[in-house]
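Let me begin by presenting the structure, written as structure tokens, before commenting on it.
Protein chains: 2
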Amino acid sequence: MTDTVKTIFTPSGRRGEFPVGTAVLDAARSLGVDIDSVCGGRGICGRCQISVGSSPAVPEAPEHLSGWTDTEAGYRGRRSIVAGGRLSCMAELVGDIVIDVPPESQVHRQVVRKRAEVVDIAVDPVVRLHYVELTPATMEGRSSDLHRILDALEQQWELRNVSVSAARLGPMQAVVQSSDDAVTVAVRNGFEMIAVFAGFHDAALGVAFDVGSTTIAGHLCDLSTGAVLASAGRMNPQIRFGEDLMSRVSYVMMNPGGEVELTAAVRAAMDEIVGELIDSAGVARNDVLEVVFVGNPIMHHLVLGIDPTPLGTAPFALATDESVSGEVGELGIQANSGAHFYALPCVAGHVGADTTGAILSESPHTKDPVQLLVDVGTNAEIVLGNKDRLLAASSPTGPAFEGAQISSGQRAAPGAIERVRIDRETLTPRYRIIGVEHWSDEDGFAEAAEKTGITGICGSGIIEVIGELFLCGVIDSNGVIRDPTNSDRVVVDERTMAYRLVDGDSPIMITQNDVRAIQLAKAALYAGVRLLMDRLGVVRVDEIRLAGAFGSHIDTVYATVIGLIPDCDQARVSAAGNAAGTGAIMALLSAEARQEIEDVARRIEKIETAVEPAFQELFVGAMAFPHASDAFPELAKVVDLPEPTPAGERRGRRRRRNQRVTTEGTP
Amino acid sequence: MTDTVKTIFTPSGRRGEFPVGTAVLDAARSLGVDIDSVCGGRGICGRCQISVGSSPAVPEAPEHLSGWTDTEAGYRGRRSIVAGGRLSCMAELVGDIVIDVPPESQVHRQVVRKRAEVVDIAVDPVVRLHYVELTPATMEGRSSDLHRILDALEQQWELRNVSVSAARLGPMQAVVQSSDDAVTVAVRNGFEMIAVFAGFHDAALGVAFDVGSTTIAGHLCDLSTGAVLASAGRMNPQIRFGEDLMSRVSYVMMNPGGEVELTAAVRAAMDEIVGELIDSAGVARNDVLEVVFVGNPIMHHLVLGIDPTPLGTAPFALATDESVSGEVGELGIQANSGAHFYALPCVAGHVGADTTGAILSESPHTKDPVQLLVDVGTNAEIVLGNKDRLLAASSPTGPAFEGAQISSGQRAAPGAIERVRIDRETLTPRYRIIGVEHWSDEDGFAEAAEKTGITGICGSGIIEVIGELFLCGVIDSNGVIRDPTNSDRVVVDERTMAYRLVDGDSPIMITQNDVRAIQLAKAALYAGVRLLMDRLGVVRVDEIRLAGAFGSHIDTVYATVIGLIPDCDQARVSAAGNAAGTGAIMALLSAEARQEIEDVARRIEKIETAVEPAFQELFVGAMAFPHASDAFPELAKVVDLPEPTPAGERRGRRRRRNQRVTTEGTP
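If you read the protein sequences in the order shown, they are chains A and B. Heads up: the first sequence begins at 45 in this note's numbering, then just goes up one per residue. Heads up: the second sequence begins at 45 in this note's numbering, then just goes up one per residue.
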């Protein structure tokens with residue numbers, strides 16, 4: 045042993061020389077090694093655990109740390125000490141050593157998700173907890189409750205210039221007065237004290253919301269570990285004011301002040317979801333310290349209590365295209381009284397925080413390949429580009445893809461046809477309905493279908509039946525229904541041609557009008573995509589990510605067949621899951637992610653399809669089938685298609701079995 | 045004429061050379077000359093008026109400005125163009141010239157008060173108005189409503205990094221959408237957008253509150269001119285929870301959560317005062333953009349919704365000793381929805397924002413002489429020091445000076461005896477009552493007094509009668525009532541001696557207990573003052589300022605006679621008026637004043653009398669009369685005294701005639 049010891053920290057590789065007897069945590073901090081701690085080195089939180097490692101030059105030498113302390117022996121905290129682990133605040137350096145900091149002990153740990161659509165993320169919490177012991181109040185000097193906390197934060201955590209809002213003073217004082225001079229302070233962004241808990245407190249939670257026109261989903265996360273503790277969702281109660289977005293805007297236009305009702309409805313639903321989440325996870329509402337939400341511009345504005353009507357008419361002016369922060373209480377959501385919210389930035393009147401959330405999740409702006417990111421709803425949000433340049437637009441697809449405007453269309457729900465295959469010669473269909481595992485021509489289908497009935501056809505079913513009819517020649521390239529084989533499946537229905545998909549008391553027909561509705565919708569989407577491609581100067585995209593519920597459930601082959609999306613290597617066309625919700629979770633867990641999406645949002649080039657003359661031309665040109673037929677010459681001869689993308693399928697089945705509305709809901 | 049012209053601005057003396065045709069306002073700005081403008085040089089606001097001056101080198105040459113413009117000829121704004129005046133945004137430099145910027149055209153203008161107790165102040169408004177014309181919204185580029193405003197503030201006013209809170213976005217958007225792309229933005233502290241008005245708007249108001257235990261006073265000010273537009277006051281409705289501060293704290297202690305009621309009561313009164321002020325001045329509530337308040341620590345905490353009970357027991361811990369800002373809406377006070385409040389800092393559990401307000405107003409911290417600043421209430425706040433060092437303490441005088449604990453004591457109100465003189469030989473008294481101009485031995489007194497009755501004796505009357513009795517020898521140096529001349533004025537009342545001041549159905553007696561009560565009160569005050577003097581190391585103070593209602597109305601000679609205040613050159617003992625309220629007004633009108641008092645508050649040395657052993661000694665020693673008798677040897681022989689300080693007297697009379705509760709209320 046010498047007076048100083050050499051120490052190497054892995055995995056950072058940082059190294060230094062320290063006096064014998066230096067606590068490992070202090071050594072780590074002096075080198076800027078990322079080791080977590082809430083208790084500030086008092087052996088309470090258990091977050092700073094390390095183990096002894098080795099290097100070619102330094103063999104593993106546990107004896108080069110001071111002996112097991114009483115504090116460690118008596119440690120009974122939430123995080124038990126792992127085998128071979130030490131509390132770095134207790135163990136002291138006594139000889140040359142390699143110290144291994146496991147991921148669990150790092151503040152900026154990498155969280156690896158099991159669910160496919162949730163990307164890995166480096167946790168970089170906006171809100172951090174700091175346990176402090178206060179100098180007792182005296183009658184001399186500056187010893188207000190606030191000052192004692194600020195002094196302790198500065199002395200024990202090197203946090204300077206921490207501020208607190210007026211409304212937090214009362215709650216802060218109440219805690220300090222009852223706390224025996226030891227409190228845990230929640231600090232936001234490193235400078236704002238938002239909450240104070242008595243004694244040592246080790247729970248900081250957040251909720252990420254994806255506020256959709258139809259459903260609202262929330263995810264409860266542990267802000268320090270990044271774990272998703274619970275997810276919940278419910279229908280957007282604004283639906284009673286109008287099924288789709290524009291009818292809600294119309295409601296406000298017709299009922300001045302109606303935005304107040306719409307705001308109250310959506311906020312109440314968000315509040316209820318928080319309640320459901322904390323009940324489900326068995327945690328305390330008071331520990332919810334941060335809320336993030338994404339949503340299309342109209343939802344974004346309504347959650348914030350901003351009148352959405354300017355978004356309904358040109359020039360579709362957003363109130364703000366910056367990210368927005370405030371106190372959660374302003375939204376009428378119950379959480380810790382100091383909790384704050386963060387709304388991701390919108391880009392344009394039709395390109396909202398849901399799109400920026402999806403961009404954050406899919407990160408086209410960090411990659412070389414030109415990515416097309418599409419989220420199809422009543423409007424299709426389209427993002428195209430790569431790390432050099434990013435364009436965004438919204439295309440008015442209308443609600444056909446959601447089953448509206450289709451004679452037998454319906455939302456995705458048990459009983460809805462979601463998959464269709466048609467025999468190329470007999471034109472006999474086989475199909476599958478939501479809630480039943482079997483195809484309609486398989487044994488057991490009839491019995492299983494009796495429970496649900498065969499109630500209609502949902503978005504993904506429509507895409508497939510149109511695609512199949514086109515491949516069979518029942519629909520020609522202009523979208524006209526013909527009867528090439530004199531089949532009894534093609535009939536005259538109310539003076540136009542139609543295809544009989546399901547017989548029975550309530551037959552399901554695919555009518556000429558249905559085909560037209562899909563043509564209009566797919567042409568709008570395709571024209572928007574082409575407009576961006578032309579603007580970006582590319583003739584082909586390198587990869588396509590289909591975000592949202594619809595994107596997760598359509599078969600990308602059929603989407604290409606009918607010309608919904610442009611040609612692309614099919615191996616690089618995939619579902620992105622609920623990318624917007626994932627982006628919200630990322631922004632909840634990472635300050636860096638917020639900075640990133642704010643920077644990206646500022647440089648996105650927005651294209652307003654409504655005023656682009658080229659869009660109309662492209663739109664008309666995209667009405668026909670199949671501008672993309674060359675991509676699948678083999679399909680016209682194929683009688684049966686392979687199963688659709690396994691990931692999307694599995695998720696779809698799981699969801700239906702659980703019968704829960706989640707962010708993965710089908711269209 | 046040459047290509048450039050030399051220009052000198054007075055009174056700043058700044059000079060420069062400018063191309064012919066430069067607008068005077070632009071020239072001034074480039075030199076940093078302080079010229080006001082709300083419209084940004086569009087000839088709308090009329091604030092930037094200048095006139096042509098001269099210097100030894102440059103004769104007066106109005107023709108060296110461009111000719112009278114149509115804009116000036118057609119100007120019909122609120123501020124008409126004065127004779128010889130020009131709008132500096134319209135007049136262009138065409139020859140060498142001296143430009144005089146009158147005080148009215150300066151942002152940081154000096155406001156000279158007519159009322160004696162309100163000091164002069166340089167206006168340095170926290171909230172400034174900026175008229176901007178917005179680029180119309182388009183569908184290209186970043187043209188959210190917020191961005192158009194921020195761009196305009198940057199381009200037209202060089203204001204960068206202006207932020208806006210989430211709650212302001214909705215109101216902002218509503219105004220912008222209805223504004224025809226021209227708005228006036230209220231910016232606080234140069235970086236926060238707090239309100240937006242449609243079109244050109246030229247009214248920015250503020251309210252300064254002095255929240256006393258007994259009365260609450262408010263002053264409505266024009267934030268740009270500094271003018272006090274109206275003052276109003278009312279009783280503090282918390283009185284129903286307890287007459288004095290400690291009984292209100294007791295109420296909260298006995299009724300947990302009772303602070304909520306107390307908070308609601310005081311906030312409601314403040315809100316009502318704002319209503320009264322704007323009605324009285326005929327202005328719009330929506331133009332109230334800033335509120336400031338001062339108050340003792342308990343009032344300060346209660347207004348902020350902070351539990352005051354820790355202030356009731358050692359160590360008398362403040363929740364915060366920093367200044368506090370927030371949104372006025374948090375206080376339940378109706379004003380512009382973006383209005384903010386500012387509370388001056390407290391210093392210690394018994395030395396509050398009323399004391400820092402008084403310090404700001406009296407500014408001992410800027411001067412050489414050692415000033416004693418005293419505000420007497422149930423507690424006496426004592427500040428002692430000069431520019432080198434400032435000490436503060438609070439001394440528990442009790443309510444005797446307010447007429448409580450005195451057998452015939454009462455608040456200052458019509459019918460209360462406020463002045464007393466006693467014949468040195470006959471011991472016959474003469475006195476004056478509030479509401480009657482005559483002394484009791486003058487013609488017309490009896491008739492005038494019939495209206496009010498002679499109802500009791502108020503604080504200033506008590507001081508005088510005790511002083512007179514001491515000078516007559518009726519009270520000895522230990523405070524014992526004696527009968528040196530066998531006068532029938534000295535009687536036995538309930539087994540102790542007493543002095544008959546007024547006969548009649550309800551005789552007014554000065555009892556031995558009354559003398560004791562005053563002895564205790566004056567000893568507490570004097571001991572506190574001496575404690576600070578000892579701590580500061582001075583044996584004599586250079587000047588004494590008596591703040592507050594009591595300080596404005598007592599006769600400083602008698603205050604010295606009975607030993608309420610230490611010896612001092614009587615010419616340098618004076619009333620400070622409502623110094624706390626004046627400090628609130630100063631903080632309302634000046635950002636610099638806020639910075640100043642925050643800096644001073646941090647370096648005030650607080651002395652807690654309750655734990656100072658020396659205080660008890662000094663207290664016992666100060667019980668006797670008259671440790672200060674040497675100061676007025678002539679008084680023992682003088683039969684009649686001169687009238688008290690004219691300023692205080694005049695104010696007192698005026699108040700009583702108007703019968704309004706204002707900050708000048710008598711004790």
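A virtual CB, placed ideally from N, CA and C, is assigned to each residue, including glycine. In this text, all values refer to a predicted model and were calculated from it rather than measured experimentally.
Around the Cβ of B/HIS409, a 10 Å sphere holds 16 or more other Cβ atoms; the residue is buried. No Cβ of chain B is located within less than 9 Å of the beta carbon of A/GLU640.
Beyond the five residues adjoining it in sequence on each side, A/ALA252 comes within less than 6 Å, by CB distance, of HIS263, VAL336, ALA628, ILE629, LEU632 in the same chain, given in chain order.
Taking the CA atoms as reference points, B/SER484 sits about 13 Å from B/GLY505.
For a Cβ distance threshold of 7 Å, residue set LEU213, GLY214, GLN217 of chain A lies close to B/ILE350, ordered along the chain. Listed as beta-bridge partners of B/ALA252 by DSSP are B/HIS263, B/VAL336. DSSP places A/LEU137 in no beta strand (DSSP E); its state is neither H nor E. Look at A/ASP532: its C-beta is not under 9 Å from any C-beta on chain B.
For the set B/GLN217, B/ASP168, B/LEU173, the Cα lying nearest the Cα of B/HIS191 is the one of B/GLN217. In this structure, the beta-carbon distance from B/ARG329 to B/ALA361 does not fall below 9 Å. Taking a contact to require three or more Cβ pairs closer than 8 Å, the segment 299 to 313 of chain A and the segment 195 to 206 of chain A do not qualify as touching. Within chain B, the residues whose beta carbon sits less than 8 Å from that of A/PHE360 are MET183, listed in sequence order. Under the 9 Å criterion on CB atoms, B/GLN221 is classed as interfacial with respect to chain A.
Nearest to B/PRO657 by C-alpha distance, out of B/ASP254, B/ARG284, B/ARG574, is B/ARG574. According to DSSP, A/SER95 shares a beta bridge with A/GLY129, A/ASP144.
Less than 9 Å separates the beta-carbon of A/LYS566 from that of A/ILE606. Annotated as proximal: B/ILE609 and B/LEU590, with beta-carbon spacing under 9 Å.
Using a Cβ-Cβ cut-off of 9 Å, A/GLY376 does not count as an interface residue toward chain B, since no Cβ of chain B sits closer than that to its own. Where A/ASP578 is concerned, the enclosing alpha helix (DSSP H) starts and stops at 556 to 580. Using a C-beta cut-off of 8 Å, the segment 289 to 298 of chain A makes no contact with the segment 366 to 376 of chain A, since fewer than three inter-stretch Cβ pairs fall below that distance. When the five nearest sequence neighbours on each side are left out, the beta carbons in the same chain lying within less than 7 Å of the beta carbon of A/ALA325 are those of LEU264, LEU273, ALA274, in order along the chain.
Annotation: Cβ neighbours of B/ALA210 in chain A (cutoff 7 Å, chain order): LEU348, VAL368, SER369, GLY370, GLU374. B/GLU177 is outside the set of residues whose beta carbon lies under 9 Å from a beta carbon in chain A.
Under the Cβ criterion of 9 Å, B/GLU652 is counted among the residues facing chain A. Counting C-beta pairs with one atom in each stretch, the segment 120 to 135 of chain A and the segment 59 to 66 of chain A have fewer than three that are closer than 8 Å, which means they do not touch. The beta carbon of A/PRO354 sits closer than 9 Å to some beta carbon of chain B. Nearest to A/PRO528 by alpha-carbon distance, out of A/ILE510, A/VAL536, A/VAL518, is A/VAL518. Rounded to whole angstroms, the separation of the alpha carbons of A/SER531 and A/PRO473 is 12 Å.
Taking 9 Å as the CB threshold, B/LEU190 lines the interface with chain A. Shown here, B/ALA457 sits in coil according to DSSP, grouped into three states, outside any helix or strand. The criterion of a C-beta distance shorter than 9 Å is not satisfied by A/ALA261 and A/GLN282.
The Cβ atoms of B/ALA248 and B/ASP266 sit closer than 9 Å to each other. A check of alpha carbon separations from A/VAL327 across A/ASP246, A/PRO359, A/ARG284, A/ASP398 identifies A/ASP246 as the nearest. A Cβ-Cβ contact shorter than 9 Å links B/GLY376 with B/ASP315. Uninterrupted alpha helix (DSSP H) stretches at least 4 residues long and entirely within the segment 395 to 477 of chain A occur at 397 to 406, given in chain order.
Using a Cβ-Cβ distance cut-off of 8 Å, the segment 137 to 152 of chain A and the segment 87 to 104 of chain A are in contact, since at least three pairs of beta carbons, one from each stretch, lie closer than that value.
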